[in-house]
Amino acid sequence: MFRIVKESKVLDVNSSYSYLMWSKYFNKTSIIAQCEKEEVIGFVSGFLQPESPNTLFIWQVAVDEKHRGKGLATKLIDQLLRQLEEENVRFLEATVTPTNIPSSKLFKGIAKKRETNCAIFECFSEDQFPDPSHEAELTYRIGPLK
């Protein structure tokens, strides 16, 4: 997971420790894709929001560069939602920077495929980040899911 995020050059890279912790403590709301060699080629990490447990927040989506453009991210999210059917997830949320066009297309495409709404609104403005080069983060809220 760490390698794919680092190589993406788009996503915020967290410590390798955080990815190990995420894999251990949020494994029911996250999913990975592996190739024949058991190498991780993609993942979706998420959690059910404590104040809104019917909402799955997607923290990061990443696919190895060699495997992009094949619908893997959509398949992973679809599979994750199937795995969480008993949790009665009705909404999917994620934050996306304005220049991350692939992620924007991914979440809009999921809403279209599921014939539901995709509301987009500001979550964090640029001036809320200590790093002046960090873009604003927009929330994509998809749902209600069927």
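Count the sequence shown with the UniProt record's numbering and you get residues 1 to 146, in order.
In this text, a Cβ means the ideal position worked out from N, Cα and C, and glycines have one as well.
All figures in this text were calculated on a predicted structure; none of them were measured in a lab.
Taking C-beta to C-beta, are ALA94 and SER8 nearer than 8 Å? Using a Cβ distance threshold of 8 Å, ALA94 and SER8 do not count as a contacting pair.
Can you tell me whether VAL40 is helix, strand or coil according to DSSP? strand
Kindly indicate the opening and closing residues of the alpha helix (DSSP H) around ARG3. 2-8
Per-residue burial, GLY69 [other beta carbons within 10 Å of its own, 16 or more giving buried]: exposed
In terms of residue numbering, what span does the alpha helix (DSSP H) encompassing GLY109 cover? 101-113
Would you list the one or two residues that DSSP bridges to ALA119? Looking at the DSSP assignment, ALA119 forms a beta bridge with ARG141.
When you compare only the Cα positions, how much space is there between GLN128 and ASP12? Their backbone Cα atoms lie some 15 Å apart in a straight line.
Residue environment, TYR17, which counts as buried when at least 16 other CB atoms sit within 10 Å: exposed
Less than 8 Å between the C-beta atoms of GLY109 and THR74, yes or no? It is a contact, given that the beta carbons lie within the stated cut-off.
Length of the line joining the Cα atoms of SER52 and ASP64: 31 Å
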